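Chains as they are written, first to last, in UniProt numbering: chain A, 1 to 461; chain B, 1 to 461.
We put the beta carbon where it would ideally sit given N, CA and C, even for glycine.
These figures come from a predicted structure and were not determined experimentally.
Notes follow once the structure below has been shown.
There are 2 protein chains.
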Amino acid sequence: MTLPPRDIEGACAALTERFGNRLDRSLGSRRTHTHTVTYLAPELPDAVLKAETAEEVAAAVAICARHRMPVIAFGAGSSLEGHLNAPQGGLSIDLAGMDQVVSVSTEDMTVTVQPGITREALNSWLRDTGLFFPIDPGANASIGGMAATRASGTTAVRYGTMKDNVLTVQAAMADGRLIRTAQRAKKTSAGYDLTRLLVGSEGTLGVMTEITLKLYPIPEVIGSGTCTFASVKDACTTVIETIQSAVPMARVELLDEAQVAACNAYSRLGLPVAPTLFVEFHGSPAEVQAQTDTFRAIAEGNGAKGFAWSPDPAQRGKLWQARHDAYWAAAAAAPDKQVFSTDVCVPISRLADCVVETQDDLVQHGLTGPILGHVGDGNFHVLLTLDPARPDEVAAVDAFTARLVARAIAMGGTSTGEHGVGQRKAPYLRKELGDAVDFMAAIKQALDPQNILNPGKYGFA
Amino acid sequence: MTLPPRDIEGACAALTERFGNRLDRSLGSRRTHTHTVTYLAPELPDAVLKAETAEEVAAAVAICARHRMPVIAFGAGSSLEGHLNAPQGGLSIDLAGMDQVVSVSTEDMTVTVQPGITREALNSWLRDTGLFFPIDPGANASIGGMAATRASGTTAVRYGTMKDNVLTVQAAMADGRLIRTAQRAKKTSAGYDLTRLLVGSEGTLGVMTEITLKLYPIPEVIGSGTCTFASVKDACTTVIETIQSAVPMARVELLDEAQVAACNAYSRLGLPVAPTLFVEFHGSPAEVQAQTDTFRAIAEGNGAKGFAWSPDPAQRGKLWQARHDAYWAAAAAAPDKQVFSTDVCVPISRLADCVVETQDDLVQHGLTGPILGHVGDGNFHVLLTLDPARPDEVAAVDAFTARLVARAIAMGGTSTGEHGVGQRKAPYLRKELGDAVDFMAAIKQALDPQNILNPGKYGFA
């Protein structure tokens, strides 16, 4: 079946008729509505619309559908793998202004938000309720973007990922209809799990216009600390044994030697340069104490040194700030380069092997790449630096990524633990999932037969 | 597009060529391969095949695809809403013999099983590993059936449902190809979430042939007990406040007066006839003690009476056996009738209202229906009794179900929390989800264009 050509100008005319001069075709806006934190070449949309309501999003998608104009949802712009590029042009629907809390239920511990609210703004809003939304990918991403990329981050070891914390979404589908994927009940067996089909679909199946999230009680006490190990293996074994002991770590981050050195330089920490775990516990004072004791005993059994523990929020904040500043630390270590973060995830039993082999690979190829990992999930990041204008450096990073992904897949892992596929991981989807990709393509075709929703991602034409 | 007619005899001939006399067309086998625990009229498959390997399942599906012969996956036969009926005939693929543990990783806390293994057999197998699989729907269901219906049960309040505990599945798709939906890593952002699309799809999108599950450490201590309340509202308030206090209850079950009376009669318990909570805590001795203390204080604040607590496994076993025997207790209370269990799920803030209005409804319509609820999830069951041969009793139960579902949906809830849609809840899917059902139908059409996988469920023709 041949699809009609994309009628960009016809769509823009119809959009202008509906939205007036809010349809923004300026080069400046188009430039700021592609990716911001990757080295991929920008591919600009043809126009930008700052949507204000779900109905406006639906109306814009319906107009685009009539003209086969691509639609790219835009939140905070913190995507890492080229999700926001517009290789076939189209309309960037900017959802940042749709940043309201629609409703909250403290009894149900749920909140319904518009997609543009950021996780930090949400948690500020929630503070007086005694509840919080724990998912923390590092960047102050929008909730819509986090849902669309199935984000997770440092707290996933305890609280899960976006797939575990989105109860239901309202979305504008490719024909411009608004649907709700589920009711607000905590669980359901009613029909296909459209909620989790949309979560992680990167805007290729629908544009989320409202998201209902699970919330959690703000912990009475947060305890945290760091310790160092002689090897990555010892650190990983400590985490495995701690999980097996049913200690619910809230965060557990592995920094390799290169990452510690970069954080020391950037945040003036003076940490010993060795594989280091950052750990955090949530609970009552007694629970946090018991968890800390168990963890410490297990870590010492694996040769851990230099315990630094702190229930003091200021001290803890400083430590974790350093962890969160890892990206900027890597940037500062190579001031004339661009930082590029990529991730894979393997079964935790293979994590130490995967990290060590990756460190060896970096050395062997003369690359600099501090590693930090959400070790409780088997997920780690490599922060590469490159000059995007130098084809040899780009080629070296691409070749490294290919080896990294092949290594992870061979260990039973995935090409991306939390960044998503976008453009950059698209070549690996079939290597990882084989014929399953055919069924993904069939779903895409069924739900977006004109291929207007974020086309060119996942490797789908 | 007109589909060719279903060629049952051609398919059976080809299946016999491939599987010899293992293709069983006897009336006895066909009769035992429909539903077993619902009052719906049986609709028999044309043949039964006891599959022994994933490749056999795939081969059987491929043969059926060539003849448009329906395929119905069969596990333990404990489905409640008519999932196993064959309204258009077809092949029942019996997976009970595929009951092996394929591999286990204690470090990753995962196990890969064939779909026919039951949850009790799995936990017996796991005992020496120190790990267990917590999901407990009551019946000794097969893991494949539990995944296919997105089952949950008493422990979902702490451990989630099958959607939260299936990491990846291997499945035979409608064209006979075997795929894996994901790698074994704990999380992934690679592509659409086919795992959770298949979980809960009731055999309509694929036949699961291998399932990888998350495991958990066997709790050091299990503490449990019961207490009674003056009203359902007081019991529900207790549970809400306990969850808000971050106490990780492992189970929390509400029995209404009628259910307590039935359990007393069946299990000779002598419990006071009042709304009753059964609670269970998992953890270290100190954790379980602290959780028990917090719960007790909250419960007493809501007027709870008659605390009966026991860390003694024998005593706890007796109490929980009574809870698990609720179905048989209801059956014993009406020996000349058939028991029929149905479920809905609402946001927990509405649970008390929903239960009380349902009790009133039962009284008003002269029906007997003990109620028991997974109150931490807002999910509850009504155990109705009827004589399937009496059209007036069937009509009364159907009308009650319609009112129950309408009530739940109006409260933001779902027509089924954990039993699934099957045949009996199909009329309510669109009432609950509106146009979202069109996108479910589009997915079904895309992944099973000949409509051979468990046709006639979900209300899809």
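What residues in its chain sit with their C-beta under 8 Å from that of residue i, if we drop five residues either side in the sequence?
i, result
"Pro42 of chain B", "Arg31, Thr34, His35 and Asn85"
"Lys431 of chain A", "Val405, Ala406, Ile409 and Ser415"
"Tyr39 of chain A", "Gln338, Phe340, Leu386, Pro388, Val394 and Val397"
"Ser245 of chain B", "Thr294 and Ile298"
"Tyr216 of chain B", "Met109, Leu131, Phe132, Phe133, Pro134 and Tyr159"
"Glu55 of chain A", "Leu178"
"Thr368 of chain A", "Ala258, Ala333, Ala334, Leu362, Leu384 and Thr385"
Pull up the distance between the alpha-carbon of residue i and that of residue j, whole angstroms please.
i, j, result
"residue 464 of chain B", "Ala442 of chain A", "Outside the displayed span of chain B (1 to 461) sits residue 464 of chain B, for which this structure offers no information."
"Thr155 of chain B", "Leu384 of chain A", "43 Å"
"Gly200 of chain A", "Thr188 of chain B", "9 Å"
"Gly317 of chain B", "Val355 of chain B", "27 Å"
"Ala65 of chain A", "Gly378 of chain A", "41 Å"
"residue 466 of chain A", "Phe132 of chain B", "Chain A is shown from 1 up to 461; residue 466 of chain A falls before or after that span and cannot be answered."
"Ser103 of chain B", "Ile348 of chain A", "16 Å"
"Val344 of chain B", "Gly413 of chain B", "7 Å"
"Leu269 of chain A", "Ala329 of chain A", "12 Å"
"Thr450 of chain B", "Ala446 of chain A", "As written in the sequence, residue 450 of chain B is Gln, which differs from the Thr given in the question. Their Cα atoms are separated by approximately 15 Å."
"Ile240 of chain A", "Val157 of chain A", "12 Å"
"Val247 of chain A", "Phe281 of chain A", "9 Å"
"Ala399 of chain B", "His67 of chain B", "39 Å"
"Met411 of chain A", "Val346 of chain A", "6 Å"
"residue 546 of chain B", "His374 of chain A", "Because residue 546 of chain B is not part of the residues shown, which for chain B are 1 to 461, the question remains open."
"Gly420 of chain B", "Glu81 of chain B", "7 Å"
"Phe460 of chain A", "Arg196 of chain B", "21 Å"
"Asp438 of chain B", "Tyr192 of chain A", "11 Å"
Flag residue i as yes when its Cβ comes closer than 6 Å to any non-hydrogen atom of the ligand PLP, and as no otherwise.
i, result
"Arg184 of chain A", "Of the ligands one can find in the structure shown there are none, so the ligand PLP has no counterpart to examine."
Going along the chain, which residues of its own chain have a beta-carbon closer than 6 Å to the beta-carbon of residue i, five neighbours each way excluded?
i, result
"Tyr428 of chain A", "Val405 and Ser415"
"Gly434 of chain A", "none"
"Pro455 of chain B", "Pro70 and Gln88"
"Ala258 of chain B", "Pro370"
"Val260 of chain B", "Leu271, Val273 and Thr276"
"Ser334 of chain A", "Contrary to the premise, residue 334 of chain A reads as Ala rather than Ser in this sequence. Counting only Cβ-Cβ distances below 6 Å, and skipping sequence neighbours, we find Thr385."
"Leu255 of chain B", "Thr276 and Leu372"
Kindly list the residues whose CB is nearer than 7 Å to the CB of residue i, restricted to its own chain and excluding five residues on each side of it in sequence; keep chain order.
i, result
"Gly284 of chain A", "Here residue 284 of chain A is Ser; the residue named in the question, Gly, does not match the sequence. Within the same chain, Ser284 of chain A has close Cβ partners Glu220 and Val221."
"Met162 of chain A", "Ile135, Met146, Ala147, Arg150, Ala151, Ser152 and Val199"
"Gln183 of chain A", "Thr168"
Does the contact criterion of 3 or more C-beta pairs under 8 Å hold for the region 84-103 of chain A versus the region 44-57 of chain A? yes
When Cβ atoms are compared, which residues of the region 185-203 of chain A fall closer than 8 Å to chain B? Ala185, Lys186, Lys187, Thr188, Ser189, Ala190, Gly191, Tyr192, Asp193, Leu194, Arg196, Leu197, Val199, Gly200 and Ser201
Under 9 Å (Cβ pairs) to chain A, residues found in the region 346-377 of chain B: Val346, Pro347, Ile348, Ser349, Arg350, His374, Gly376 and Asp377
Meets three-Cβ-pair contact criterion under 8 Å: the region 102-114 of chain A and the region 211-218 of chain A: yes
Members of the region 431-444 of chain B that neighbour chain A once the beta carbon cut-off is set at 9 Å: Glu432, Leu433, Gly434, Asp435, Ala436, Val437, Asp438, Phe439, Met440, Ala442, Ile443 and Lys444
Interface positions of the region 266-296 of chain B facing chain A (Cβ-Cβ less than 9 Å), listed along the chain: His282, Gly283, Ser284, Ala286, Glu287, Ala290 and Thr294
Does the region 385-404 of chain A come into contact with the region 274-294 of chain A, if we say contact requires no fewer than three beta-carbon pairs (one atom in each stretch) closer than 8 Å? no
Jot down the residue ranges of each uninterrupted beta strand (DSSP E) in the region 198-260 of chain B, minimum 3 residues, whole runs only, in chain order. 207-214, 221-228 and 251-255
Would the region 287-303 of chain B and the region 319-326 of chain B be scored as touching if the rule is three or more Cβ pairs under 8 Å? no
Evaluate contact between the region 303-310 of chain B and the region 212-232 of chain B, counting only Cβ atoms and requiring at least three cross-stretch pairs below 8 Å. yes
At a cut of 8 Å, does the region 194-206 of chain A reach the region 247-265 of chain A through at least three beta carbon pairs? no
Anything in the region 203-220 of chain B with a Cβ closer than 8 Å to a Cβ of chain A? List those residues in chain order, please. Leu205, Tyr216, Pro217, Pro219 and Glu220
Which residues of the region 43-75 of chain A have a Cβ closer than 8 Å to any Cβ of chain B? Give them in chain order. none
Between the region 155-172 of chain A and chain B, which residues of the former have a C-beta closer than 8 Å to a C-beta of the latter? Ala156, Gly160, Thr161, Lys163 and Asp164
For a minimum of 4 consecutive residues, which ranges assigned as the alpha helix (DSSP H) are wholly contained in the region 325-353 of chain A? 326-333
So within the region 349-387 of chain A, which uninterrupted alpha helix (DSSP H) runs reach at least 4 residues, ignoring any that extend past its ends? 351-364
Check each residue of the region 134-152 of chain A: if its Cβ is closer than 8 Å to any Cβ of chain B, include it; give the result in chain order. Thr149, Arg150, Ala151 and Ser152
In chain order, which beta strand (DSSP E) runs of at least 3 residues are fully inside the region 20-77 of chain B? 47-50 and 71-74
For the region 96-125 of chain B, list the beta strand (DSSP E) runs that are entirely contained and at least 3 residues long, ordered along the chain. 101-105 and 110-113
Using 8 Å as the threshold, is the region 12-29 of chain B in touch with the region 51-64 of chain B, meaning 3 or more CB pairs across them? yes
Against chain B, which members of the region 244-265 of chain A pass a CB distance test of less than 9 Å? Gln244, Ser245, Ala246 and Pro248
Beta carbons nearer than 9 Å to chain B: which residues of the region 296-323 of chain A have them? none
Chain A contacts made by the region 104-134 of chain B, where a contact means CB separation under 9 Å: Ser105, Thr106, Glu107, Asp108, Met109, Thr110, Gly130 and Leu131
Chain A contacts made by the region 378-410 of chain B, where a contact means CB separation under 9 Å: Gly378, Asn379, Ala408 and Ile409
Which residues, in order along the region 416-430 of chain B, keep a beta-carbon less than 9 Å from a beta-carbon of chain A? Thr416, Gly417, Glu418, His419, Gly420, Val421, Lys425, Tyr428 and Leu429
Uninterrupted beta strand (DSSP E) stretches inside the region 264-315 of chain A (no shorter than 3 residues): 276-283 and 305-310
Which runs of the alpha helix (DSSP H), 4 residues or longer, sit entirely within the region 141-200 of chain B? 143-148, 156-159, 162-165 and 194-198
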